[in-house]
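Quick notes on the structure that follows.
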Amino acid sequence: MKETANNIRARFSELGLDISIDEIEERLEKLLTKFKVPEDEAYRSVVNYFLKEHNVSKNSFYSSNQFDVPQMKISDLSEDGQWVSIKGRIAQLWENSHESIDQVGLIGDETGVIKFTKWKNANLPEVAEDKTYTFKNVVVNEWNEKFQLNLNKTSSIVEEDDEIEIGTSVITFTGAMVDIQTGSGLIKRCPECNRALTKGACNEHGKVNGIYDLRIKAVFDDGSSIQEAIIGREMTEKLADISLDNAVAMAADALDQGVVHEHLMKTLNGRYYTISGSKLERYILVDEIYMETELNKERLVELISKAQELV
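Structure follows, in structure tokens:
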């Protein structure tokens with residue numbers, strides 16, 4: 005909160021106004037602790053109060069050439085309420101049904117990845133997977149001990165030409181596939197932004213002629229923890245011994261894309277696998293997967309031990 009208050013005071017000072025830091029902190033604290041207002045909303049509310057009080061226009065306060073925040077690496081983000089700029093590549097966009105959210109997903113740079121939320125009332129341009137952008141003037145929020153970025157009315161988005169290699173942690177997990185989630189099997193993607201379509205429509209582009217794709221959103225269980233994973237088309241074809249063309253034909257014969265999901269469940273669910281890949285938030289983006297045809301003695305003892313701990 006102190007950093008937010010200091011940022012507000014510093015910006016007004018640049019405009020020739022001396023605002024009491026105590027008054028700024030008092031108003032922020034009331035909104036944050038008493039009314040549980042999110043940090044970025046509290047920031048805007050306090051700023052708007054003093055803008056009105058001193059007859060200053062919002063354009064003057066938020067002008068990008070006057071109000072510049074530091075550009076930081078994702079791994080250097082360390083405080084709830086920080087205002088920063090981040091340059092990175094969109095690693096993943098998630099399906100979103102929340103009416104007040106425009107886009108949500110993951111942005112990454114050389115040091116890691118972080119979740120971002122772009123709100124509809126911000127009226128910001130659309131971003132696309134695998135493209136690089138600079139998110140300017142975004143606020144860092146902490147939720148469940150993890151940082152995330154919020155893009156609001158004061159933020160801006162600039163598309164960049166750079167190709168950024170995202171730094172991620174690669175992990176290996178062995179366990180039983182216990183579920184294949186909705187959104188798996190034969191899906192269609194938007195030709196514009198590559199999002200998975202919902203009922204034939206893209207959240208951003210509406211009704212489009214989708215492009216067929218295969219994927220598995222799987223849940224693995226090793227006896228003591230679960231791990232969600234996304235398996236792309238190429239590995240899905242090899243693992244389930246089904247091509248994209250065969251999946252399309254299967255769905256056409258049954259007049260139901262759900263038959264592909266059922267096929268995957270019958271073929272793959274309940275078997276043990278070892279997967280490895282990049283860890284992005286709760287998912288592993290699988291680069292390698294193989295079936296455990298038989299568990300070695302050490303692995304069997306390990307699983308029994310974990311099961312006994314749960315009893």
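Taken in order, the sequence shown gives residues 5 to 315; the numbers are from the numbering used here. Backbone N, C-alpha and C fix where the C-beta goes; we use that ideal spot for every residue, glycine too.
What span of residues does the beta strand (DSSP E) with residue i cover, start to end?
{"i": "G112", "result": "105-113"}
{"i": "D291", "result": "287-295"}
{"i": "N145", "result": "136-147"}
{"i": "N273", "result": "Segment: none, N273 is in no beta strand (DSSP E) and carries neither H nor E."}
{"i": "T121", "result": "116-123"}
{"i": "K150", "result": "150-155"}
{"i": "I230", "result": "230-235"}
{"i": "K38", "result": "No beta strand (DSSP E) holds K38; DSSP gives it neither H nor E."}
{"i": "K203", "result": "Note, K203: premise wrong, no beta strand (DSSP E); not H, not E."}
{"i": "V192", "result": "According to the sequence displayed, residue 192 carries Lys and not Val. Looking at the DSSP string, the run of the beta strand (DSSP E) that includes K192 is 189-193."}
{"i": "L97", "result": "87-97"}
{"i": "I161", "result": "160-164"}
{"i": "I215", "result": "215-225"}
Counting contacts by CB-CB distance shorter than 8 Å, is residue i in contact with chain D?
{"i": "V212", "result": "This model lacks chain D altogether; it includes just one protein chain."}
Quick one: using the 10 Å Cβ neighbour count with 16 as the cut-off for buried, is residue i buried or exposed?
{"i": "F2", "result": "Missing from the structure shown is residue 2; the chain here goes from 5 to 315 and no further."}
{"i": "R219", "result": "buried"}
{"i": "V290", "result": "buried"}
{"i": "D106", "result": "buried"}
{"i": "G281", "result": "buried"}
{"i": "S159", "result": "buried"}
{"i": "D26", "result": "exposed"}
{"i": "E18", "result": "exposed"}
{"i": "Q70", "result": "Unreliable positioning characterises Q70 in this predicted model, as indicated by a pLDDT of 43, which lies under 50. A coordinate reading is not provided."}
{"i": "R15", "result": "buried"}
{"i": "L259", "result": "exposed"}
{"i": "G210", "result": "exposed"}
{"i": "Q75", "result": "exposed"}
{"i": "Y400", "result": "No information on residue 400 is available, as it lies outside the stretch 5 to 315 that the chain covers here."}
{"i": "Y53", "result": "exposed"}
{"i": "D257", "result": "exposed"}
{"i": "D113", "result": "buried"}
{"i": "K140", "result": "buried"}
Residue j and residue i - do their beta-carbons sit closer together than 8 Å?
{"i": "I23", "j": "I175", "result": "no"}
{"i": "T178", "j": "N154", "result": "no"}
{"i": "S188", "j": "L268", "result": "yes"}
{"i": "G262", "j": "M181", "result": "no"}
{"i": "N156", "j": "D44", "result": "yes"}
{"i": "I184", "j": "L272", "result": "yes"}
{"i": "F65", "j": "V50", "result": "no"}
{"i": "A255", "j": "I235", "result": "no"}
{"i": "S104", "j": "K124", "result": "yes"}
{"i": "L320", "j": "G109", "result": "Shown here, the chain extends from 5 to 315; a query on residue 320 therefore has no answer."}
{"i": "M5", "j": "E30", "result": "no"}
{"i": "G214", "j": "G204", "result": "yes"}
So residue i and residue j are in contact, right, with Cβ under 8 Å, and what is the actual spacing, rounded?
{"i": "I161", "j": "G116", "result": "Not confirmed; about 20 Å, so no contact."}
{"i": "R2", "j": "I111", "result": "Because the chain in this structure spans residues 5 to 315, residue 2 falls outside the shown range and cannot be described."}
{"i": "T8", "j": "E99", "result": "No, T8 and E99 are not in contact; Cβ-Cβ is about 32 Å, not under 8 Å."}
{"i": "Y216", "j": "V252", "result": "6 Å"}
{"i": "R48", "j": "I28", "result": "Not quite, the Cβ-Cβ distance comes to about 13 Å (not below 8 Å), so this is no contact."}
{"i": "M239", "j": "I293", "result": "6 Å"}
{"i": "A329", "j": "L55", "result": "Residue 329 falls outside the range modelled here, since the chain spans only 5 to 315, and no answer is possible."}
Could you please give the first and the last residue of the uninterrupted alpha helix (DSSP H) stretch that includes residue i?
{"i": "L55", "result": "43-57"}
{"i": "K6", "result": "6-18"}
{"i": "A258", "result": "248-258"}
{"i": "L32", "result": "25-33"}
- Message: Taking 8 Å as the cut-off, does the region 187-200 touch the region 163-170 (at least 3 CB pairs, one atom from each stretch)?
- Response: no
- Query: Between the region 87-94 and the region 137-145, do at least 3 Cβ pairs fall closer than 8 Å?
  - Reply: The count of Cβ pairs closer than 8 Å, one atom from the region 87-94 and one from the region 137-145, reaches three, so the stretches are in contact.
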